[in-house]
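Visitor: Here it is, the structure, as structure tokens.
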Amino acid sequence: MLFADIKGLDNVKKQLINSVSSDHVAHAQLFMGKPGSPNLPMALAFANYLNCEKPSENDACGECPSCYKNQRFIHPDMHFVYPVSATKNITGKDVVSSSYLKEWRAFLSSTPYGGIDNWSAHYGGEDKQVNISKEESRQIIKNLSLKAFEGKYKVMIIWLPEYMNAAAANGILKILEEPPEKTIFLLVSNDTERLLTTILSRTQIVTIPKFSDESIQQMLEENHGLEPQQANQLSHLADGDYNLAVKLLNNIEDDSHQLFTDWMRDCFRKDFSELVVKSDQFHSMNKVAQRSLFLYALNMFREAIIYNAAPDLKRVSGAVGSFIENFSKVMDSTKVESISKLINDAHYHLERNASPKIIFLDLSLQIARIIK
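Residue 376 in my numbering sits at position 370 of the sequence shown; the count goes up by one each step and never skips.
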């Protein structure tokens, strides 16, 4: 990954490059960004730049042996840790990042803007709870105790450190604060509120903004051959989340839209018997589909309030646009804020293995109370 592969965000790129040229690279950095933001690609591009043999003032060269290996995620001095779960073939103490390295490299190559749902589905663990275990902290210490093989720096990228359990997080505090010489930690987080304060206090935060609608539109046109009008519509729905834009493009969200519209109609009508049926349906969905529905709902509520405020600037057309136009008539900013908080709370409890049926039914009853 090169900086040039990431649209926009020139200020962040300049900040990172300047830290190298001025020899002020913080040994532990936290790349903080919302889901779908380029915080992981930015960390990968920075790691590439750190060990590039012929860097320019704007980017890594992309041609030297170090760049060749980094861009294929096989550089011996680039290490990865990421959330995983047991699968049919991998259980017990073998449930660590290194057991999934082949799958991880393929995932980075195909889906660098992907989220935890994409990753879980990629290696076959979508119905299991992922985490970063205590055993991972032992592996981190072991891997970083060795001298660099080829590069100027050893780089440890920890993707989604918020999935570390307490034992794992506490296990890396010492090496995070006092790493071996020429060792750089790059933590890549989507939810810093779930990180231990002792982790936060040991890192320098690098805020990675979400993509602009214009950047997402350009990426969809260049990477997927979309016409400007369709790319523009998807970019508005995605709200800076490139991963969501690609999901929409691939029709992964078609079911979510139908589920969402039926769900909202039942809430509006206060059809409680149908909401009970839908809570059973929600319970039978896999975790990826459950999370996707909540994410889709949040984006649709946002679009409704935007349309409510400026109907002349209709950003979405077709069936989705028609629904938003009608839906906005019963919504206002106060309702959207209240319902969005409820959905975020429901997602929080879903991640902690509360009953999906109870979560969905309780959420539906509260939305029905607010929406009409």
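Quick reminder that beta carbons are idealized off the backbone N, C-alpha and C, glycines included.
1) On the CB-based measure, 16 or more other CB atoms within 10 Å of its CB, does Gln296 come out buried or exposed?
2) What are the boundary residues of the alpha helix (DSSP H) that includes Ala53?
3) Kindly identify the DSSP beta-bridge partner or partners of Ala34.
4) Between Lys60 and Ala112, what straight-line distance do the alpha-carbon atoms span, to the nearest angstrom?
5) Give the straight-line distance between the Cα atoms of Leu179 and Thr204, rounded to the nearest whole angstrom.
6) Keeping to the same chain, check which residues put their C-beta closer than 6 Å to that of Ile258; ignore five residues upstream and five downstream.
7) Exposed or buried, which one is Leu56 when buried takes at least 16 other CB atoms within 10 Å?
8) Tell me the start and end of each unbroken beta strand (DSSP E) in the segment 59–87 that is at least 3 residues and wholly inside, in chain order.
9) Can you tell me which of the three DSSP states Gln135 falls into?
10) Mind checking Gly121: buried by the 16 CB within 10 Å criterion, or exposed?
11) Assuming Met7 and Leu36 are in contact, meaning their beta carbons sit under 8 Å apart, how far apart are those beta carbons, in whole angstroms?
12) Does the Cβ of Leu152 have 16 or more other Cβ atoms within 10 Å, making it buried, or fewer, making it exposed?
13) For Ser334 and Asp219, I'd like the C-alpha separation in whole angstroms.
14) Under 6 Å Cβ to Cβ from Ser139, same chain only, skipping five residues before and after it: list those, please.
15) Using only alpha-carbon positions, find the residue among Thr340, Ser344 and Tyr313 that is nearest to Glu331.
16) Is the segment 234–251 touching the segment 23–43, taking contact as three or more C-beta pairs under 8 Å?
17) Grab me the residues of Met170's own chain with a C-beta within less than 6 Å of its C-beta, minus the 5 sequence neighbours each way, in chain order.
18) In whole angstroms, give me the CA-to-CA distance for Ile80 and Ser72.
19) Just checking my contact of Ser344 with Leu299 at CB under 8 Å: how many whole Å lie between their CB atoms?
20) On the three-pair Cβ rule with 8 Å, is the segment 116–131 touching the segment 230–250?
21) Counting only the same chain and skipping the five closest in sequence on each side, list residues whose C-beta sits under 8 Å from that of Ile311.
22) How is Val212 classed by DSSP in three states: helix, strand or coil?
23) Have a look at Ala53, Leu15, Lys13 and Asn64 and flag the residue whose alpha-carbon is nearest the alpha-carbon of Asn24.
24) For Ile330, which of helix, strand or coil comes out of DSSP?
25) Using the three-state DSSP reduction, which class does Lys378 fall into: helix, strand or coil?
26) Are the segment 269–289 and the segment 360–372 touching, with three or more C-beta to C-beta distances below 8 Å?
27) If the criterion is Cβ atoms closer than 8 Å, does the pair Ser195 and Leu202 meet it?
28) Which same chain residues end up closer than 6 Å to Gln372 when comparing Cβ atoms and leaving out the 5 residues on each side of it in sequence?
29) Flag this pair as yes or no: are the beta carbons of His33 and Thr189 separated by less than 8 Å?
30) Which one of Met270, Asp197, Lys276 and Leu255 has the shortest CA to CA distance from Asn350?
31) Considering only C-alpha positions, which residue in the set Phe278, Gln264, Gly98 and Ile146 is nearest to Met84?
Guide: This is what the structure gives:
1) The residue labelled residue 296 in the question sits at position 290 within the sequence shown. Buried is the label assigned to Gln296, since at least 16 other Cβ atoms lie within 10 Å of its Cβ.
2) On the sequence shown, position 47 is the one that residue 53 refers to. Start and end: Asn45 to Asn57.
3) Translated into positions along the sequence shown, residue 34 becomes position 28. Looking at the DSSP assignment, Ala34 forms a beta bridge with Phe191.
4) The residue given as residue 60 occupies position 54 in the sequence shown. The residue given as residue 112 occupies position 106 in the sequence shown. Between the alpha carbons of Lys60 and Ala112 lies a distance of about 26 Å.
5) Here the question's residue 179 lines up with position 173 in the sequence shown. Here the question's residue 204 lines up with position 198 in the sequence shown. Leu179 and Thr204 have their C-alpha atoms some 7 Å from each other.
6) As a first step, residue 258 must be located in the sequence shown, where it is residue number 252. Residue placement at Ile258 is poorly supported in this model, since its pLDDT is 48, which falls under 50; the coordinates still yield a value, given next. Within the same chain, no residue comes within 6 Å of Ile258 by CB-CB distance, once the 5 residues on both sides are set aside.
7) Here residue 56 refers to the residue found at position 50 when the sequence shown is read from its first residue. That one is buried.
8) Contiguous beta strand (DSSP E) elements confined to the segment 59–87 occur at 84–87, taking only those with 3 or more residues.
9) As a first step, residue 135 is located in the sequence shown; it is residue number 129 there, counting from the start. Reduced to three states, the DSSP call for Gln135 is coil.
10) Taking the sequence shown and counting its residues from 1, the one referred to as residue 121 is at position 115. Buried, by the Cβ-count rule.
11) Taking the first residue of the sequence shown as position 1, residue 7 is located at position 1. Taking the first residue of the sequence shown as position 1, residue 36 is located at position 30. So it is not a contact: roughly 18 Å between Cβ atoms.
12) Counting from one through the sequence shown, the residue named residue 152 turns up at place 146. The residue in question, Leu152, is exposed, as its Cβ has fewer than 16 Cβ neighbours within 10 Å.
13) As a first step, residue 334 must be located in the sequence shown, where it is residue number 328. As a first step, residue 219 must be located in the sequence shown, where it is residue number 213. Between Ser334 and Asp219, the C-alpha separation is close to 22 Å.
14) In the sequence shown, residue 139 corresponds to position 133, counting from 1. Around Ser139: Ala174.
15) Translated into the one-based positions of the sequence shown, residue 331 becomes position 325. Ranked by Cα distance from Glu331, the options Thr340, Ser344 and Tyr313 are led by Tyr313.
16) With three or more CB-CB distances shorter than 8 Å, the segment 234–251 counts as touching the segment 23–43.
17) The residue labelled residue 170 in the question sits at position 164 within the sequence shown. Hits under 6 Å: Ile138.
18) For the purposes of this step, residue 80 is identified with residue 74 of the sequence shown, where counting begins at 1. For the purposes of this step, residue 72 is identified with residue 66 of the sequence shown, where counting begins at 1. If you take the alpha carbons of Ile80 and Ser72, they lie about 10 Å apart.
19) Against the sequence shown, residue 344 aligns to sequence position 338. Against the sequence shown, residue 299 aligns to sequence position 293. Their Cβ separation, rounded to whole angstroms, is 19 Å, which puts Ser344 and Leu299 out of contact at 8 Å.
20) Yes: the two stretches touch, three or more of their Cβ pairs being nearer than 8 Å.
21) Against the sequence shown, residue 311 aligns to sequence position 305. Excluding sequence neighbours, Ile311 sits near Ser334, Met337, Asp338, Ser339 and Val342.
22) The residue labelled residue 212 in the question sits at position 206 within the sequence shown. Per DSSP, reduced to three states, the secondary structure at Val212 is strand.
23) Along the sequence shown, read from residue 1 onward, the residue named residue 24 stands at position 18. Checked all of Ala53, Leu15, Lys13 and Asn64; the closest Cα to Asn24 is Asn64.
24) Within the sequence shown, the letter at position 324 stands for residue 330. It is helical.
25) Mapped onto the sequence shown, residue 378 falls at position 372. Lys378 carries a coil assignment under DSSP once its states are collapsed to helix, strand and coil.
26) Cβ pair count under 8 Å is three or more, so yes.
27) What you label residue 195 is simply residue 189 of the sequence shown in a count that begins at 1. What you label residue 202 is simply residue 196 of the sequence shown in a count that begins at 1. Taking C-beta atoms as the reference points, Ser195 and Leu202 fail to come closer than 8 Å.
28) Residue numbering aside, residue 372 sits at position 366 when the sequence shown is read from its first letter. Leu348.
29) Walking along the sequence shown from the start, residue 33 turns up at place 27. Walking along the sequence shown from the start, residue 189 turns up at place 183. Contact flag set, yes.
30) As a first step, residue 350 must be located in the sequence shown, where it is residue number 344. Per the C-alpha coordinates, the member of Met270, Asp197, Lys276 and Leu255 positioned closest to Asn350 is Asp197.
31) The residue given as residue 84 occupies position 78 in the sequence shown. Closest by alpha carbon: Ile146.
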